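The structure appears below as structure tokens.
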Ligand SMILES: Nc1ncnc2c1ncn2[C@@H]1O[C@H](COP(=O)(O)OP(=O)(O)OP(=O)(O)O)[C@@H](O)[C@H]1O
Ligand SMILES: Nc1ncnc2c1ncn2[C@@H]1O[C@H](COP(=O)(O)OP(=O)(O)OP(=O)(O)O)[C@@H](O)[C@H]1O
Ligand SMILES: [Mg+2]
Ligand SMILES: [Mg+2]
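Protein chains in written order, with the working numbering: chain A, 1462 to 1724; chain B, 7 to 242; chain C, 37 to 455; chain D, 156 to 442; chain E, 645 to 1049.
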């Protein structure tokens, strides 16, 4: 816990969801996240974009607690959580998806969602018959319905196609009713039609939920994201509204390439 | 069909998972012109790609390449016959470093693709030479998967959603690289979700719906016709 | 004719008298009273055909075979039917097999087992099944007949402590070794062997330098050898089977130059006939054994050896092992007992058979056999020495200790002279 | 003093034998993710083959070679016939090898009986040699085992980390279908690995039978030892196996020399201790 | 997210309808059929001691033995199925319970009412302690650690002779007489064992269906995700291991009275492997498998020797084990289905086999059973060390064995 010189964390304003100061993550010689500051307020929608290997997923992993940072502090909902376990962060209302789906592949779609609903401590009676838990089962079915998996509640997840798994990945996070939702490339692997559905889900998200989104599809990243953070080589190179980013030469050069609108 | 040289001819292909009939009488051809396949999630595109490579058993049908029947052959023989494969989900080997991936697949000296030429196309990989495959970023892994396939110096390249997870600039770079390969005479069969990328590369677009090929269009046709897009792909 | 039968019948259950009808498989409760005349008499046998003693057990089977031939597969006018169950020398398996014999095959007579722990387990099982008479085949743990002996458990050979008891005085008086170390595995049978040896040895004025208890199943003795003190006259080693082979060859490798005196299993046929460097080192080892060297001219022993060699010219050992003679003696005792009881076995739950066996005595190839009040025989012990004869290793008799008595209590693991 | 030295040397040489046995196990595991629990039975088989050939031909080195080849072949047959179809199910594969081990050991018992067998080394390897330290005379054969172990260790390490063959195998473990889909015939490659790994068990058996006799039960003993060695060092790592063997050899020998009563416990305690601190073994990889 | 009609998913390609749609008479019929089978089974089990020809043998040597052996195997199967941890150490807890009861009662005159619960409790506590280390390991490491613990106990018991009577073990006990019914009576013992086995089974079955049980399976598939959802992965795995130790301990107490004591032989390596064989033989994917396998092995051990099959017992056990693993992957409980499958695809499988011989690597066209790529790992776990599917690997690697993800 003896972290190097601690950057001062500003006295959090009441509605700060996330305040990150001087965050650093090294893997051997690679500095995946470098001295990063980031503030996110209540109900904000923030997109994170950047070239491959910029450190976006690593940033998520550090915020979620899967990786210990090599430097810096993270304050979430007004509490310093830098050393806290993944589990405790989840209890605080953090939910995330993984860039490569991490699902319970030998369980059914329904059971996957049911487990997502039972994650937080509280009213769950862990030793009751799970099949009798009508209320949660119904909620699980609702969530499956939202991505068109309503008919496949009893299908084993390992048998879903790639895109279907990506969609389940998304609702797993939604089902925990998070206060802070972090999505790592939710549109990857989705067909254009399903992307439409994803947009619907994202735009209809409750305003109480704060959203942090990594996405390479600019039609989503720059439409859903009200603020965009551009990363490159672990650093934050630009931050601003979608239009600023769209018109930035830097972003075009390092990320978007010739075409004016990504995909 | 006298000159099947370098042509992929698929005919009446049927694949089941258990009793689920996933591919139903699929037939198409890929010649010099690149062909792309689109379709919604779960329609059977990946299954088709795997069946071509011998990675899923087919119940019936035929897959001929350069006049040679490949259905039933081992994957390695199919690759030897000249088909390269970029799998969906990348399938990198975590035990190997980036460089080891390329060295292992190897390439005969003097071939079109060697470890060095691949590094030229994907400089990012050269920077990550000694990083374990598992620790590459998603996009880096995707590049590696493509590079790996190129190193087998295939006559036909089968790619399953190669643009997934790639930054727009890289996608563009990839598209132009592939385009120039096509111009050099490389055959390509591409499964894609990214309509732009698919239409840019594929002259022909096949649309897969529920395990059948619903239609075969020229890419301009599909691009121009919103109604068709809506009908087949659900793009509103 | 018998040659062919032996191998084939080894593991199979029914060794019927040739030409006799198969009769019943001992079904029902097996206690059908009434006219037993001509009914086959069913004997269940538990032999260690699996596990580390398989070779010994197989030789034991040859002993049984000899008895059967002697009796022409018939006792007291009833054909003998044998059901062999194989154990792996663990007590659990032995009891499981015994249960199967008693409960499914309905036998009233059990012959077996081979190892000490099995013997103990069966002796305690005997308490539960009073109508069954158990005759021990070759096991040597002391407690079996010492602590709470079962009235239906009979042992026609002496036990571990008795086998080594006469060796102590012999070592001092005849060999002049006054200070020894002991090396043995750490479980009941070697405890008894060391205990038996030390009792006589210390009483005769001997001095114990150190004891080395090796964990069961260890085959590397090199470091133990390194820690044996230098100022001793000899080392007493109670190991057997492959452990003995390993110890003896490592003793050469690591330059253990002290004379070796041995427990009863140290130089069995398996050691003498095993290949390798062991041969160089065994000459001169003095051991106390339950049976005489093949050359010894005692009792009817020579006849026995000859008959063994005639019956098993190829597959057997060159000379019978201890298991052959122990199985022979015990099985023959059982048959003699049945004869004595007039073939009455089932009707009275074995009462008359037990009475007969407790009373009877007979001359076995290795000396007179008779039971004490614990139904435990007190037999002769043969102190022998390994000698080389025309390049062949054999044992030679040094002394016969007659009718060694059973101690009062079983020996525990000793680390100093017993008081 | 010279007692400590002798015991230390014992530890070292016993460790060499453990390493020889364990290297085959760890090789197969490291490259194919297969835990071959018939490895102990292979050891036994190797010893018996060497014994029989030595009996027949009077040639010790021929016996060693025969053990190597025969056990390697048995390994390949087992792999091709029983394991190949279920190769990707690690647990099932391990269980099948337990079955094979039961059958093989039991059949060897039928054939060779329960008598102890040993493979007598040739004259130039028997007897003791002066070490020139504290006047210790040490068995020549054990020094030979030590040398052999070092040789095998170095060869294996180079083979795995430096050759393309090694890469193919490592990749094949991660995702076999994908290796196949780059035009490599994985089947042949895997068969070769199985041959080498099994042959090492056979060699170890033939060599080990010169120091410790073979008998029913030897198989389980060596299986357990090699598993402990490999687990302590980290599955799949050749240097790990070397370190594991050293630790196990030294600890067990010193325990045997000084507190024999607990000797059987210490090796297990050692392993539990190591796993408590490093669940993946000393040199095992987490990622 | 529904698209236009043409694109709507083809119902034929969906999985079977879920339970809700299975209403009406079909549901009732299926329910009664299930109840019928259960009733018949109960009847058979209750009548068993009174209808068999040689009750002493069939009830004691076969039935009761299968019951207690089944309960240990049950603990193994439950753990493997729900957590993917394959334990070779269940006999440890079995023996701790047995020895505790034995030492307390035979050497310290503690009444059984105290010593039996004490034994089970102590064994469970030992389970919890072992769990502290064991659940941190995975795959073979776990297998070996549990094995090491049982070997350690084996040698401890051998050496602590003053307490455990070493190699001889504890024997010659008097069996308790609960409510004046002597356990020496085989029928009393049988029904007691039956009740305990049924209780243990019901408990295991129930726990599997609770959110707790479901969470265990979630952890087996993806511990990272479970953490991200807010579960305490370590604690869950520990509790699961401890629960399994408890079940094994119950069996240990039962077997103690069956054998009339306990010896170190009860926990040697071969017994631990026996438990594994039982589990596989019966079918490691089903809790019933424990009892089916126990019955199977007991019969095998009793009748192989009877000369019905011309093969040594150990060899025969090995052969049966391998055949079951390769060709009857679901074990005995899955036998009917498997045989039907073979019947149906017999011809295809035959062709497939030949096809594979010719075609090399390529899986044959028949699925399942004939060795083609099955979709699920039998035990639900991987022997690989943490590295392969460990928490750090984040991309594309887990697809290896579960197919496309
Ligand atoms: N566990 C690790 N060990 C070593 N290097 C790592 C590890 N994880 C990530 N990296 C490296 O850190 C860099 C950032 O990776 P990260 O996954 O965060 O990129 P990303 O921005 O999400 O890229 P993409 O858009 O391609 O997914 C990469 O170069 C990657 O190789
Ligand atoms: N291993 C499997 N077992 C059973 N069903 C499967 C399996 N793999 C895929 N399926 C099913 O087969 C259908 C086709 O899957 P496939 O992966 O070919 O779709 P896809 O068109 O590639 O979809 P996506 O765009 O999402 O990758 C899906 O409904 C899927 O659920
Ligand atoms: Mg990423
Ligand atoms: Mg796909």
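Note that the Cβ used here is the ideal one computed from N, Cα and C, for glycine as well.
Quick caveat, the model's predicted, so the values are computed rather than measured.
Taken from the Cβ of residue 1645 of chain A, at least one heavy atom of ligand 3 lies inside 7 Å.
In this structure, residue 1628 of chain A has its CB at a distance of at least 7 Å from all heavy atoms of ligand 4. When 8 Å is used as the limit between beta carbons, residue 1513 of chain A is near no residue of chain E, the shortest such separation being about 12 Å. Close to residue 367 of chain D, with beta-carbon spacing below 7 Å, are these residues of chain C in chain order: 255, 256 and 282. 850, 851, 853, 854, 855, 856, 857, 858, 859, 861, 862, 864 and 865: these are the residues of the region 838 to 865 of chain E whose beta carbon lies less than 8 Å from some beta carbon of chain A, given in chain order. Under the three-state reduction of DSSP output, residue 30 of chain B falls in the strand class. Assigned with DSSP and collapsed to three states, residue 98 of chain B falls in coil, not helix or strand.
Residue pairing by DSSP puts residue 80 of chain C in a beta bridge opposite C:119 and C:146. Contact residues of the region 900 to 916 of chain E toward chain C are 903, 904, 905, 907, 909, 910, 912, 914 and 915 (C-beta to C-beta distance below 8 Å).
Looking at the DSSP output, residue 1485 of chain A sits in a beta bridge with A:1532.
The contact set of residue 868 of chain E on chain A, defined by CB atoms closer than 7 Å, consists of 1527 and 1563 in chain order.
In the three-state reduction of the DSSP assignment, residue 1560 of chain A falls in the coil class. Here the region 393 to 413 of chain D does not lie against the region 287 to 303 of chain C, with fewer than 3 beta-carbon pairs under 8 Å apart. Boundaries of the alpha helix (DSSP H) harbouring residue 1627 of chain A: 1623 to 1636, taken from the DSSP string. Around the beta carbon of residue 305 of chain D, fewer than 16 other beta carbons lie within 10 angstroms, which makes this residue exposed. When the five nearest sequence neighbours on each side are left out, the beta carbons in the same chain lying within less than 7 Å of the beta carbon of residue 1547 of chain A are those of 1525, 1526 and 1527, in order along the chain. Note that the C-beta distance between residue 45 of chain B and residue 1652 of chain A is below 8 Å. Contacts between residue 165 of chain D and chain C, judged by CB atoms closer than 8 Å, involve 256, 258, 259 and 262 in chain order. Rounded to whole angstroms, the separation of the alpha carbons of residue 779 of chain E and residue 886 of chain E is 10 Å. Close CB contacts of residue 190 of chain D within its chain, under the 6 Å cut and outside five residues either way in sequence, are with 184 and 249 (chain order). Within chain E, the residues whose beta carbon sits less than 8 Å from that of residue 223 of chain C are 802, 810 and 811, listed in sequence order. In the assembly as shown, residue 1627 of chain A is a buried residue. Its beta-carbon has 16 or more other beta-carbons within 10 Å. Pairing residue 358 of chain D with residue 263 of chain D gives a Cβ-Cβ distance that is not under 8 Å. Residue 52 of chain B reaches chain A at 1622 and 1623, counting residues in chain order whose Cβ is nearer than 7 Å. An exposed status is given to residue 453 of chain C, since fewer than 16 other beta-carbon atoms sit within 10 Å of its beta-carbon. A distance criterion of 7 Å places the beta-carbon of residue 47 of chain B in contact range of ligand 2, judged by its closest non-hydrogen atom. DSSP places residue 210 of chain B within a strand segment (E or B) once states are collapsed to three. Taking 4 residues as the minimum length, the alpha helix (DSSP H) runs contained wholly in the region 1632 to 1671 of chain A are 1653 to 1664, in order along the chain. At least one heavy atom of ligand 2 sits closer than 7 Å to the Cβ of residue 1620 of chain A.
Partner residues in the beta bridge of residue 398 of chain C, as assigned by DSSP, are C:405.
In this structure, the C-beta of residue 148 of chain B stays at least 7 Å away from each heavy atom of ligand 4.
Ranked by Cα distance from residue 146 of chain C, the options C:420, C:346 and C:374 are led by C:374. Residue 363 of chain D sits away from residue 180 of chain D, with the two beta carbons spaced by 8 Å or more. In the DSSP annotation of this structure, the continuous segment of the alpha helix (DSSP H) that includes residue 744 of chain E starts and ends at 734 to 746. Put simply, the CB of residue 686 of chain E is far from chain C, with every gap to its CB atoms at 8 Å or more. DSSP places residue 329 of chain D in no beta strand (DSSP E) but in the uninterrupted alpha helix (DSSP H) bounded by 319 to 329.
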